[in-house]
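Working notes, beginning with the structure itself.
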Amino acid sequence: MKRSTRLVLLALVLIVFFGGQWLWRHARTPTVAAAVPTQYRLGQLEFKPCTLRQPHSGLATAAWCAPFNVPENWARPDGRKLVLRLALIRSRAAQPASDPVLYIAGGPGQSAIDTWPEIAPALDDVLAQRNVILL
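Shown next as structure tokens:
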């Protein structure tokens, strides 16, 4: 056998041996799942994980939801309260910009939360830098 052939075979044997050792050692190392927060605070609002589903379709988006209590009549703040549904779509940025985008759906009775899965692609570039709050 030629010397160059023997060197190539030796190199292959060493690669297989040490590569196998490395794979065997790392395959036994338990992987730790990244911690997923159970809540997200923004001011006094406490958002919890939720899924936004678009009615009558299969579209859905992972989000953070929070109730927001407001007086029905601002002239009587101690009177009856309304609960507004808020949803937060988190930015992909590690440190999103401090000024989130507030999305309010148009039309009487239309919900930004219900329409989000449909319009999400249009705001994909925004989510690269900012959170989006749906009202």
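The sequence shown begins at 373 in the numbering used here and counts up by one.
Note that beta-carbon positions come from the ideal geometry of N, C-alpha and C, so glycine has one too.
Original post:
What runs of the beta strand (DSSP E), each 3 residues or longer, lie entirely inside the segment 447–486?
Top reply: 453–461 and 473–475
**OP:** State whether the segment 409–423 contacts the segment 437–448, with contact taken as three or more CB pairs (one from each stretch) at a distance under 8 Å.
**Re:** With the cut-off at 8 Å, the segment 409–423 and the segment 437–448 touch.
Original post:
How big is the Cα-Cα spacing for residue 432 and residue 448?
Top reply: Locating residue 432 in the sequence shown gives position 60, counting from the first residue. Locating residue 448 in the sequence shown gives position 76, counting from the first residue. The straight-line gap from Cα to Cα measures roughly 38 Å.
Original post:
Going straight from the alpha carbon of residue 488 to that of residue 501, what length do you get?
Top reply: On the sequence shown, residue 488 is found 116 positions in, with the first residue counted as 1. On the sequence shown, residue 501 is found 129 positions in, with the first residue counted as 1. Their Cα atoms are separated by approximately 18 Å.
**OP:** Determine which residues share a DSSP beta bridge with residue 504 and list them.
**Re:** Position 132 of the sequence shown, counted from the start, is the residue given in the question as residue 504. In the DSSP output, where bridge partners are listed per residue, residue 504 has 461 and 473.
**OP:** Take residue 469 and list the residues in its own chain whose beta-carbon comes closer than 7 Å to its own, dropping the five residues that flank it on each side.
**Re:** Within the sequence shown, the letter at position 97 stands for residue 469. Result list for residue 469: 501 and 502, in chain order.
Original post:
Is it buried or exposed for residue 461, if we count other Cβ within 10 angstroms and need 16 for buried?
Top reply: Your numbering for residue 461 matches position 89 in the sequence shown. Per the 10 Å Cβ criterion, buried.
**OP:** Ignore the nearest five residues each way along the sequence and tell me which others in residue 506's own chain have a CB closer than 6 Å to its CB.
**Re:** For the purposes of this step, residue 506 is identified with residue 134 of the sequence shown, where counting begins at 1. Cβ within range, chain order: 459, 475, 484, 485 and 488.
Subject >> Straight-line Cα distance separating residue 425 from residue 471 >> reply: On the sequence shown, residue 471 is found 99 positions in, with the first residue counted as 1. On the sequence shown, residue 425 is found 53 positions in, with the first residue counted as 1. In a straight line, the C-alpha of residue 471 is about 26 Å away from that of residue 425.
Original post:
Under a three-way DSSP split, which group does residue 410 fall into?
Top reply: For this step, residue 410 is matched to residue 38 along the sequence shown. Coil at residue 410, not helix or strand.
Original post:
So with Cβ pairs under 8 Å, would you call residue 476 a contact of chain C?
Top reply: Here there is only one protein chain, and chain C is not present.
Original post:
At which residues does the alpha helix (DSSP H) containing residue 499 begin and terminate?
Top reply: As a first step, residue 499 is located in the sequence shown; it is residue number 127 there, counting from the start. Counting along the chain, the unbroken alpha helix (DSSP H) around residue 499 starts and ends at 496–499.
Original post:
Does DSSP classify residue 444 as helix, strand or coil?
Top reply: Here residue 444 refers to the residue found at position 72 when the sequence shown is read from its first residue. In this structure, residue 444 counts as coil in the three-state DSSP scheme.
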